[in-house]
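In what follows, a single structure is set out as structure tokens and then discussed.
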Amino acid sequence: MLFCARFPPNYKTSLNLSYFIAKRISFKRTGGFTGTIHRIAVASVAIGLAITMISFMILGGFQNEISNKVFSFTGHFQSMKFVSGNAFEESPISTNADFFQNYQNLEFIKHVQVFAHKPGLLKGDEEVEGVLMKGVGPDFDSLSFKPSIIKGRFIQFSDSAASNEIVLSKKIANKLLLDVGDRVTMYFVQEPPRFRRLEIVGIYETFLENFDDKILLGDIQTIRNLNAWTPDQVGGFEIFVDDPSQLDSYAEPLYDFLDFDLKLIKVTEKYMEIFDWLLLLNNNVYVFLSLILFVAAFNMVSILFILIMERTQMIGVLKAIGAKNAQIRRIFVWNGVRIISRGLLIGNAIGIGFGLLQDQFRIIPLDSENYYMSFVPIDWNWPVFLFLNLTVLIVTTLVLFIPAMLISNIKPIKAIRFD
């Protein structure tokens with residue numbers, strides 16, 4: 108009788124039998140203490156994964172939002188003459204330069220636009236503010252910049268004359284008590300001093316001090332007229348590429364393609380304090396991920412210890428009828444994997460559900476003065492989500508073998524008598 112009851116030696120049959128027993132002792136088929144333990148285990152994995160996914164969604168969204176604000180204002184690279192006119196203005200270069208005429212030959216370049224800067228004093232009805240006019244042309248990527256315009260519209264350019272329209276930051280407009288439709292006078296710093304009457308057609312807000320504190324957008328033709336430049340002269344080129352994450356690899360071929368008298372500036376280095384700060388935020392999420400993995404692994408080990416203790420009599424009976432230690436270990440490992448899989452499924456549902464709600468309805472607002480945006484942004488980085496799921500699954504599954512090793516030390520006679 109005992110021989111007939113022994114577990115079959117075939118590995119595949121043994122594996123199926125271990126899985127069958129694991130299903131029979133799952134929380135769907137048991138109640139009381141075991142069912143509660145299973146539910147706690149599922150909840151710990153689900154909550155840990157959901158919180159980690161949400162953290163990466165928010166971090167990625169925050170980094171993308173800030174980066175896009177900077178890039179929409181400056182491009183990914185800027186090119187200008189090696190010797191600038193002064194701290195605020197550029198020496199003129201021609202749009203007939205080989206680079207500007209042939210940049211389409213570099214496949215990774217998406218767009219190139221011209222710009223120039225001119226400092227001056229902007230006079231409202233009661234106040235005066237030092238500002239920096241950034242002259243742009245019809246090739247300016249107004250579509251990328253549009254999300255930053257909170258009131259009014261962008262500049263409309265004329266082929267025959269310089270446009271007197273400007274787009275002002277909300278911060279400067281508030282200081283000077285100005286609004287869309289107002290006309291202002293801007294005095295330019297040069298010899299002899301000159302001025303222009305300008306009309307505010309739009310107000311932008313990036314929440315970034317580098318731009319909002321001092322820069323207004325105007326027609327580059329105004330700067331050409333003030334500097335006595337020819338129609339083909341500009342202050343520099345702003346270069347947009349197809350993949351901002353590849354700026355380092357694009358820098359060398361792009362520099363080699365430039366004219367000999369032009370320098371290349373990577374925007375991530377020009378505004379290093381912003382991008383270094385964004386990279387520093389990654390460390391917080393990685394530490395958070397490590398803590399979540401540690402807690403999830405510790406919970407799974409603790410819960411499996413408890414399940415083994417509760418199923419001591421079952422282990423003794425299985426050993427008495429001939430089950431090997433490896434077969435019994437697989438029962439509890441299978442049980443742990445089922446718990447982890449259910450936790451991953453629920454965790455993904457919670458994380459993705461939160462992301463969809465926030466992305467569509469922006470239910471969580473932010474203080475724009477402190478966070479540079481008015482709502483919590485969401486980034487859908489599916490490779491990262493897959494990596495998180497695989498990491499949690501692999502780490503927690505591996506630690507399941509730690510408590511399962513205790514099964515080797517359980518004696519059948521003592522186990523059957525265990526109460």
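Residue 108 is where the sequence shown starts when you use my numbering, and the numbers rise one by one after that.
Just so you know, even glycine gets a beta-carbon here, dropped at the ideal spot from N, CA and C.
Quick caveat: nothing in here was measured; it's all calculated off a predicted structure.
Of the candidates G155, V149, I165 and A153, the residue whose Cα lies closest to the Cα of R469 is I165. In the structure shown, M421 falls within a helical segment according to DSSP collapsed to helix, strand and coil. Distance check between V483 and each of F169, E380 and F163 places F169 closest, using alpha-carbon atoms only. In the structure shown, Y311 falls within a strand segment according to DSSP collapsed to helix, strand and coil. Three or more Cβ pairs closer than 8 Å define a contact, and the region 357-375 meets that threshold against the region 177-191. Burial check for R437: the Cβ neighbour count within 10 Å reaches 16 or more, so the residue is buried. Rounded to whole angstroms, Y294 and E197 show a C-alpha spacing of 18 Å. Pairing L284 with D232 gives a Cβ-Cβ distance under 8 Å.
The beta carbon of Y210 sits closer than 6 Å to those of I216 and V219, all from its chain and outside the five residues before and after it, given in chain order. Separation of the CB atoms of F314 and S475 is rounded to 5 Å, and the pair is thereby assigned contact status at 8 Å. For the pair of segments examined, the region 307-326 was found to touch the region 224-239: the number of CB pairs separated by less than 8 Å reaches three. Counted as a single uninterrupted DSSP element, the alpha helix (DSSP H) harbouring I327 occupies residues I327 to N334. Runs of the alpha helix (DSSP H) spanning 4 or more residues and lying entirely within the region 436-464 do not occur at all. Only buried fits N442, as 16 or more other CB atoms lie within 10 angstroms of its CB.
Put simply, the backbone Cα of D366 is about 29 Å away from that of L250. Among the bridge pairs identified by DSSP, K230 is matched with V235 and T292. In the structure shown, A204 falls within a coil segment according to DSSP collapsed to helix, strand and coil. Look at H183 here: in three-state DSSP terms it is coil, with no helix or strand label. If you look at E476, you'll find it in the alpha helix (DSSP H) that goes S475 to Y478. S251 carries a helical assignment under DSSP once its states are collapsed to helix, strand and coil. Contact between V341 and V177 does not hold, since the beta-carbon distance rounds to 21 Å and is not under 8 Å. For M240, DSSP records a beta bridge to K225 and L323.
Per DSSP, reduced to three states, the secondary structure at Q263 is coil, with no helix or strand assignment.
Assigned with DSSP and collapsed to three states, F189 falls in coil, not helix or strand. Relative to the Cα of M379, the nearest Cα in the group I173, F163, V149 and A157 belongs to I173. Close CB contacts of Y478 within its chain, under the 7 Å cut and outside five residues either way in sequence, are absent.
Within the same chain, and ignoring the five residues on either side of N389 in sequence, the residues whose Cβ sits closer than 8 Å to its Cβ are L166. By the CB criterion at 8 Å, I446 and V152 fall inside the cutoff. Take T498, set aside five residues on each side of it, and no residue of its chain has a beta-carbon closer than 6 Å to its own. The beta strand (DSSP E) runs of length 3 or more contained entirely in the region 331-370 are, from start to end of the chain, 343-348.
One thing to note: T159 has its Cβ within 8 Å of the Cβ of L396. When DSSP reads this structure, H218 sits in a beta bridge with F347.
Of the candidates T143, I200, F127 and I154, the residue whose Cα lies closest to the Cα of N496 is I154.
Of the residues assessed, P510 falls on the buried side of the cut-off, its CB having 16 or more other CB atoms within 10 angstroms.
Classified as exposed, D205 has fewer than 16 neighbouring CB atoms from the shown chains inside 10 Å of its CB. Contact between the region 244-264 and the region 274-281 is present: 3 or more CB-CB pairs across the two stretches fall below 8 Å.
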